[in-house]
Amino acid sequence: MKWIEIEVTVRPEAVDLVSSLLCELTGYGVEISTGGPGAHSPEAVASLVHVKGYLPEERAGQSEEIIALLSRFVLCPVQVRELPETDWIRLWRSHYRTFRVGKRLVIRPPWEEYAPLPDDLVITLDPGMAFGCGTHPTTQLCLELLERVVKPGDVVCDVGTGSGILAIAAARLGASRVLAVDEDAVAVRVARENVARNGVASVVRVVAGDLLRGVGEPADVIVANIVADVIIAFAPEAARHLKSGGTFIAGGIAAPREAEVTAAIEKYFAVCEVTRRNDWVAVAGVAR
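What the sequence shown shows, in this note's numbering, is residues 52 to 339, in sequence order.
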């Protein structure tokens, strides 16, 4: 399979916004480098930053929409080229390394060795073609909130599970049962593989579905790292599926939508925490 590389050139002050946007739109990490083509003087070369993102060939049709969105923020025309799968794998593995999130969670790719500290909770993750490599600010904010909220024995629902990273984290944090839901068949397959890889298949059940429709068991925690519009529509359903005093964690909120999404969540929950990073926001609310 071939991959599509999308490269945009920006000023340093736009790197966080563009890289986060590209990461969200493609569902993968990004490569960032400085200088190079697109500048007309040594000073300009030094001040330019190149951000590259990647799409599998089967999603090539989405590249035009992504280019249209990115063109609002870039200095030069967006560059698109085909990249053989072998090059993608080499590039991805060279940039995706073991890293820590929060106090105890450690995300480790399967091709790296890691000697855990006594309190570490290690998640071995190969995101494959699913969203959720753990490097995006929205994923990290949700992981940090889960670390503070999940208690041993909790029932947790992860809506839009992607790679399964949040569901696996909930299991590592002591949840007794975790339901991971995604409507994308590739995400369901990748999440199941990661669940098995981490030895938590007895705790985490991955299902194909649309939000929580048809799910009967009330949860102690629901986490949804999706997008603002879906969170707004999903808030009342989340409230119906939470136990009294349970927590709803919503991620994937771009900073300009914070007030709108928070207001929607406040209709059903008492907002207890709002966290922000690199123009992204996560909100936690307690069911009344």
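Glycine included, every Cβ here is placed at the ideal spot set by N, Cα and C.
When Cβ pairs closer than 8 Å are counted between the two stretches, the stretch 206-223 is seen to touch the stretch 267-280, the count reaching three or more. A straight-line Cα-Cα distance of about 15 Å links V206 and A290. Across the structure, I304 and A284 are spaced so that their CA atoms are roughly 13 Å apart. Non-local beta-carbon contacts of E198 in its own chain, meaning distances under 7 Å to residues more than five positions away in sequence, involve G153, K154, R155, L156, L224 in chain order. Collapsing the DSSP output to three states places T313 in a helix. Sorting T189, I219, G204 by C-alpha distance to the C-alpha of D177 places I219 at the top. Separation of L196 and G336 (C-alpha to C-alpha, rounded to the nearest whole angstrom) is 11 Å. Going by C-alpha positions, V125 is about 10 Å away from H101. Your pair E58 and Q113 does not check out as a contact, with CB atoms roughly 16 Å apart and the cut at 8 Å.
In this chain, the alpha helix (DSSP H) harbouring L194 covers 188-200. By the Cβ criterion, the stretch 257-274 is not in contact with the stretch 314-331, since fewer than three pairs of Cβ atoms, one from each stretch, lie closer than 8 Å.
Here the alpha carbons of A222 and G250 stand approximately 10 Å from one another.
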